[in-house]
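Residue numbers (the working numbering), protein chains in the order written: chain A, 261 to 586; chain B, 46 to 402. Even for Gly, the Cβ is constructed at its ideal location relative to N, Cα and C.
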Amino acid sequence: MRELTYAQAINEALMQNLEKDERVFLMGEDIGKYGGIFQVTAGLLDKFGPERVIDTPISESGFVGVAIGAAMTGMRPVVEIMFIDFTTCAMDMIVNQMAKIHYMFGGRGKVPLVLRTNIGAGRGAAAQHSQSFHAFFVHIPGLIVVTPSTPYDAKGLMNTAILDENPVLFIEHKKLYANKGDVPEDHYTIPFGKADIKREGRDITIVATLAMVGRSLSVAEEFAKDGIEIEIVDPTTLRPMDKKSILESVKKTGRLIVADEGPVTCGVTSEISAMIAEEAIGYLHAPILRVGSPDTPVPFSPPLEKIYIPDEEDVREAVHKMKEYL
Amino acid sequence: MKNLEMPRGPNSSERSEGTKAVPAASRMARERGIDLSLVKGSGPNGIILVKDIENFKISQRAIETVKKKEKIQASSLARKLAEKKGVSLESIDGTGTRSRIMMGDVIRVAEKPAILVREKEEEKNIFGQTIPMSQMRKVVAKRMSQSAFTAPHIYFFTDVEMDQLNRLRDEMLSDFEKQFNIRISINDFFIKAVALTIREFPMLNAMVMGEEIYIMPEINVGLAVAMEEGLIVPAIPQADRLGLGSIAQMRADLINRARAGKLKLEEIERGTFTVSSLAQFDIVFFTAILNPPQSGILSVGKTYDQLYLKEGQVVTKKIARFGLSVDHRIVDGAVAAAFLQSLKRRLENPTFAFMHL
Chain A
261 MRELTYAQAI
271 NEALMQNLEK
281 DERVFLMGED
291 IGKYGGIFQV
301 TAGLLDKFGP
311 ERVIDTPISE
321 SGFVGVAIGA
331 AMTGMRPVVE
341 IMFIDFTTCA
351 MDMIVNQMAK
361 IHYMFGGRGK
371 VPLVLRTNIG
381 AGRGAAAQHS
391 QSFHAFFVHI
401 PGLIVVTPST
411 PYDAKGLMNT
421 AILDENPVLF
431 IEHKKLYANK
441 GDVPEDHYTI
451 PFGKADIKRE
461 GRDITIVATL
471 AMVGRSLSVA
481 EEFAKDGIEI
491 EIVDPTTLRP
501 MDKKSILESV
511 KKTGRLIVAD
521 EGPVTCGVTS
531 EISAMIAEEA
541 IGYLHAPILR
551 VGSPDTPVPF
561 SPPLEKIYIP
571 DEEDVREAVH
581 KMKEYL
Chain B
46 MKNLEMPRGP
56 NSSERSEGTK
66 AVPAASRMAR
76 ERGIDLSLVK
86 GSGPNGIILV
96 KDIENFKISQ
106 RAIETVKKKE
116 KIQASSLARK
126 LAEKKGVSLE
136 SIDGTGTRSR
146 IMMGDVIRVA
156 EKPAILVREK
166 EEEKNIFGQT
176 IPMSQMRKVV
186 AKRMSQSAFT
196 APHIYFFTDV
206 EMDQLNRLRD
216 EMLSDFEKQF
226 NIRISINDFF
236 IKAVALTIRE
246 FPMLNAMVMG
256 EEIYIMPEIN
266 VGLAVAMEEG
276 LIVPAIPQAD
286 RLGLGSIAQM
296 RADLINRARA
306 GKLKLEEIER
316 GTFTVSSLAQ
326 FDIVFFTAIL
336 NPPQSGILSV
346 GKTYDQLYLK
356 EGQVVTKKIA
366 RFGLSVDHRI
376 VDGAVAAAFL
386 QSLKRRLENP
396 TFAFMHL
């Protein structure tokens with residue numbers, strides 16, 4: 261099959277939806293002429309014109325509000341927020357409007373809006389352009405939170421997101437944009453709330469999201485040489501969360517590591533750990549371990565940033581600890 | 046990043062506090078009725094893993110197989126009947142040749158009330174067994190250790206001449222029974238005498254409350270009642286104000302209901318001082334643990350003959366040795382000694398002491 265990068269896969273999904281459905285349009289800072297900070301929307305302005313690929317002023321609250329209104333009146337906006345760090349400027353729009361309208365109007369209004377943004381440290385972009393606080397949005401009922409870890413998932417999930425009648429936070433990862441993978445040329449969808457087993461194993465389950473999936477996969481290959489088989493479960497959407505698949509995997513292996521790049525405190529890792537503690541504690545052969553970011557801002561200093569990022573080394577360390585319970 | 050603080054399993058020295066096991070191992074042990082304290086953990090710091098339970102299971106099975114090999118000798122009729130009646134062959138003593146169990150033996154056991162059979166089994170097997178504490182035993186255990194480890198106990202003993210008190214009791218026994226429809230017990234005198242003595246020594250009716258001393262408003266004397274499962278202390282309220290008739294009636298009623306397990310909580314909790322008697326045993330004296338939060342407990346040993354010289358003649362007198370344990374936080378030796386002497390004086394001069402003036 262043909263290979264695309266993660267950024268190209270999203271680009272292709274956007275392009276196909278723009279072609280297929282005239283209600284679809286894009287908005288965001290520098291997404292037109294510049295092609296987006298990570299080139300996800302490259303070439304789309306030329307192809308679809310400035311009415312459908314709109315460069316906005318630096319005013320997140322304003323253009324997210326515009327998009328909510330457009331969605332309510334029948335359009336299918338896909339909005340890019342350049343870094344997840346900037347969603348804070350539009351938090352009222354996201355949390356109090358976008359997530360609530362469908363509920364507060366008794367289901368008579370709907371907001372089929374896709375808000376694209378990205379997380380992840382590792383680009384020397386310092387504390388205001390490197391955060392991974394996607395757990396914020398999982399905390400808000402009314403939002404769907406999507407976290408693709410591969411080019412294939414990115415395209416399929418983007419197609420599903422645009423078709424969905426509800427507001428979607430589409431969380432991309434900066435370090436994944438250049439990753440290549442097989443992507444079908446045709447339009448296809450991946451259902452929300454269905455975890456993907458990225459690797460099967462019998463000894464340890466790692467529930468991993470976004471860049472942690474690839475990091476965990478490479479560590480799993482290392483341990484496979486020692487006969488330790490690690491199962492990698494990628495939830496692909498954090499809300500809805502595919503509890504069933506995670507539970508099944510943990511019941512099978514009895515050992516759980518949760519890896520997400522967000523800070524562990526009140527994070528995605530906490531939520532999944534709590535769910536297992538509540539529903540499957542009797543199956544645990546070992547304490548649950550979490551791999552995530554520490555409770556500090558992302559450092560600018562490259563050596564410090566390297567230590568900060570939960571990477572292969574951290575996953576490896578967790579597996580070593582878990583090994584003692586095998 | 047490093048967010049990998051692992052819970053620590055117990056060191057060998059901590060083992061006694063409670064055995065640690067991963068949840069799946071605990072669950073497996075529970076399902077299979079395995080006592081975790083018997084399992085050796087192979088995880089970090091000795092934590093018990095699932096494989097430890099699995100291995101344990103294998104060794105248990107091995108033991109059971111060996112046990113089965115030591116076959117019990119029984120006739121086939123006896124065996125069939127035992128199975129039908131649900132009687133365990135191990136609980137039957139055989140009367141046949143070489144103690145072979147015969148049908149008659151099974152019938153004999155099967156016809157006994159089930160409880161007796163069970164008791165017999167337990168009797169046979171109790172050594173080396175772990176048995177659960179009854180609810181009552183748990184309460185006694187908790188309260189006694191709480192008392193022993195928080196209240197510093199001091200003990201005092203004195204010999205009380207019982208001749209006069211016994212004589213008084215003998216004299217009034219039949220009249221008393223006619224009037225109150227109950228036999229007066231020597232304990233009834235003790236209860237009354239103690240209550241009267243406490244009036245002089247309020248610290249023996251007190252409890253420690255943080256950094257304060259609470260002197261309880263009523264003098265309610267409890268009597269320790271031994272039961273199969275433990276000890277219970279129902280209290281006679283305001284014993285200093287009651288006549289011996291009421292005390293005797295209440296005492297009898299409380300003891301009966303204690304043995305029947307029908308006491309009200311209030312009847313136990315109201316106690317402010319305890320009398321514990323082992324007079325019916327061949328025990329000369331003993332020390333007692335305070336019944337918390339009380340500050341005093343009287344222990345009464347058996348009554349026995351003591352020789353002494355009276356005008357150059359060797360004569361005997363009846364002696365009972367009384368012990369008093371007090372909470373030294375609030376009762377000092379001199380107070381305790383004075384209390385015990387005052388009590389002794391009352392019991393040795395009963396006519397005046399029990400006269401309702």
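Residue i - containing beta strand (DSSP E), residue span
i: F318/B; result: 318–322
i: H433/A; result: 428–433
i: Y259/B; result: 257–260
i: Q283/B; result: It is not in any beta strand (DSSP E) - Q283/B carries neither H nor E in the DSSP assignment.
i: M204/A; result: For chain A, the structure presents residues 261 to 586; residue 204/A sits outside this window and is missing.
i: G378/B; result: Looking at the DSSP string, G378/B is not in any beta strand (DSSP E); the run it does join, the alpha helix (DSSP H), is 378–393.
i: K512/A; result: It is not in any beta strand (DSSP E) - K512/A instead sits in the alpha helix (DSSP H) that spans 503–513.
Distance CB(residue i)-CB(residue j) smaller than 8 Å
i: A471/A; j: L423/A; result: no
i: M261/A; j: D494/A; result: no
i: A546/A; j: R515/A; result: yes
i: L210/B; j: P395/B; result: yes
i: I488/A; j: K370/A; result: no
i: A455/A; j: T513/A; result: no
i: G306/B; j: V278/B; result: no
i: V479/A; j: R336/A; result: no
i: I517/A; j: I536/A; result: no
Environment of residue i [buried if 16+ CB atoms lie within 10 Å]
i: K415/A; result: buried
i: V67/B; result: buried
i: N356/A; result: exposed
i: R499/A; result: buried
i: V360/B; result: exposed
i: R212/B; result: exposed
i: Q268/A; result: buried
i: G357/B; result: exposed
i: T420/A; result: buried
i: I260/B; result: exposed
i: S133/B; result: exposed
Extent of the continuous alpha helix (DSSP H) run through residue i
i: N232/B; result: 231–245
i: P337/A; result: Counting along the chain, P337/A falls outside any alpha helix (DSSP H), though it belongs to the beta strand (DSSP E) covering 336–340.
i: N419/A; result: 411–423
i: N265/B; result: Element bounds for N265/B: n/a, residue is neither H nor E.
i: V67/B; result: Neither: V67/B is in no alpha helix (DSSP H) and is coded neither H nor E.
i: P563/A; result: 562–568
Between the CA atoms of residue j and residue i - distance to the nearest angstrom
i: N331/B; j: D80/B; result: Reading the sequence as shown, one finds Phe at residue 331/B and not Asn. Distance between the alpha carbons of F331/B and D80/B is about 38 Å.
i: Q388/A; j: F308/A; result: 32 Å
i: H433/A; j: G380/A; result: 6 Å
i: Y564/A; j: V551/A; result: Residue identity differs from the one stated: residue 564/A is Leu in this sequence, not Tyr. When rounded, the distance between both Cα atoms is 17 Å.
i: D315/A; j: D306/A; result: 13 Å
i: V428/A; j: V405/A; result: 6 Å
i: S530/A; j: V524/A; result: 6 Å
i: P247/B; j: V253/B; result: 13 Å
i: A330/A; j: L286/A; result: 11 Å
i: H362/A; j: G453/A; result: 20 Å
i: L335/B; j: Q294/B; result: 26 Å
i: F172/B; j: G275/B; result: 20 Å
i: K183/B; j: M189/B; result: 10 Å
i: T348/A; j: I532/A; result: 25 Å
i: H198/B; j: A333/B; result: 9 Å
i: P262/B; j: A324/B; result: 30 Å
i: G288/A; j: L375/A; result: 10 Å
i: D186/B; j: A193/B; result: Per the sequence shown, the amino acid found at residue 186/B is Ala instead of Asp. A186/B and A193/B: Cα-Cα distance of roughly 11 Å.
Chain-order list of residues whose beta-carbon lies under 7 Å from that of residue i (same chain, five-residue window excluded)
i: K511/A; result: A540, Y543
i: R145/B; result: Q118, A119, S120, G139
Beta-carbon proximity list for residue i, same chain, < 8 Å, skipping 5 on both sides
i: E329/B; result: It should be noted that the sequence gives Val, not Glu, for residue 329/B. Correct list, in chain order: G346, K347, Y349, R366.
i: T469/A; result: T407, S409, D494, P495, L498, A519, D520, E521, V528
Close Cβ partners of residue i (< 6 Å) along its chain, the five nearest in sequence each way excluded
i: P554/A; result: none
i: G86/B; result: I92, I93, D97
i: A438/A; result: T265
i: D285/B; result: A240, L241, R244, I264
i: E425/A; result: K370, P372
beta-carbon residue i near the ligand NAP non-hydrogen atom, thresh 7 Å
i: G91/B; result: Within the structure as shown, the ligand NAP is missing, as the structure has no ligands at all.
**Message:** What are the residues in the segment 516–550 of chain A lying within 7 Å of chain C by C-beta distance?
**Reply:** No chain C appears in the structure shown, which is made up of the protein chains A and B.
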